[in-house]
Amino acid sequence: MKTKVLMVCLGNICRSPLAEGILKSKVDLKKIDVSSAGTGGWHVGDLPDPRSIAIAKKNGIDITDQRGKQFSTYDFEIYDYIFVMDNSNYNDVIKLATSEDEKQKVQLILEEIFPGEKVDVPDPYYGGDQGFENVYKMLDEACEKIAKRL
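Written out as structure tokens, the structure reads:
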């Protein structure tokens, strides 16, 4: 049975699609399934932000097959690990959990590189291209650790 990992951000067009693509590039997809979602539903069915697509492509990753989806309580049943991009996403997802087991699945993704510090992946949506570059580097480092652990 495959290990299932979900990446979650606010709109599912910037950070979580990048995290999904990066982790997919680092794991055996026959053993690990990676997806992403947003806590909000504004971008359901949409492609990732063009700047996320561009930074992924610059690093040899194609995320144009992804479409936005909204996180649901059903995701707790499907996924073994739920990595959220920031503390706001964490709080939104935890509010939907109905058991301690579900809560244990949720973790800030940057806990991988900054344990115990509750560091957010900054939302690059309103920033320039450099924001996407910085987010890519953070997620790449975190996903490297996640991939080794899985």
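With full-length UniProt numbering applied, the sequence shown corresponds to residues 1 to 150, in that order. For each residue, glycine too, the CB sits at the ideal point set by N, CA and C.
Same chain, Cβ closer than 7 Å to residue i, five either side skipped, listed in chain order
{"i": "Cys9", "result": "Arg15, Ser16, Gly38, Met85 and Asn89"}
{"i": "Asn59", "result": "Tyr136"}
{"i": "Ser25", "result": "Ile61"}
{"i": "Gly116", "result": "none"}
Candidates the options: closest to residue i by CA position
{"i": "residue 180", "options": "Asp65, Lys69, Lys137 and Tyr74", "result": "Residue 180 is absent from the structure shown; the chain starts at 1 and stops at 150."}
{"i": "Tyr81", "options": "Val34, Val119, Leu96 and Gly127", "result": "Val34"}
{"i": "Arg51", "options": "Glu102, Gln70, Phe132 and Leu139", "result": "Phe132"}
{"i": "Ser99", "options": "Gly128, Thr73 and Tyr126", "result": "Thr73"}
{"i": "Val87", "options": "Val121, Tyr125 and Gly41", "result": "The sequence shown places Asn at residue 87, rather than the Val named in the question. It is Val121 whose Cα lies nearest to the Cα of Asn87."}
Neighbourhood of residue i by C-beta distance below 6 Å, restricted to the same chain and skipping five residues each side
{"i": "Lys145", "result": "Glu112"}
{"i": "Lys148", "result": "none"}
{"i": "Val119", "result": "Leu110"}
{"i": "His43", "result": "Gly11, Asn12, Ile13 and Gly68"}
Contacting residues, own chain, Cβ-Cβ under 8 Å from residue i (five flanking each side not counted)
{"i": "Gln66", "result": "Pro17, Glu20, Gly21, Ser36, Leu47 and Pro48"}
Beta-carbon proximity of residue i to residue j, cut-off 8 Å
{"i": "Ile13", "j": "Gly68", "result": "yes"}
{"i": "Ile32", "j": "Lys57", "result": "no"}
{"i": "Leu6", "j": "Asp75", "result": "yes"}
{"i": "Lys4", "j": "Ile78", "result": "yes"}
{"i": "Gln107", "j": "Phe71", "result": "no"}
{"i": "Leu139", "j": "Val27", "result": "no"}
{"i": "Thr64", "j": "Ile55", "result": "no"}
Exercise for review: Within the segment 87-147, note down every full beta strand (DSSP E) run reaching 3 residues or more, in order along the chain.
Suggested key: 106-108
Exercise for review: Jot down the residue ranges of each uninterrupted alpha helix (DSSP H) in the segment 4-85, minimum 4 residues, whole runs only, in chain order.
Suggested key: 15-24, 50-58 and 75-78
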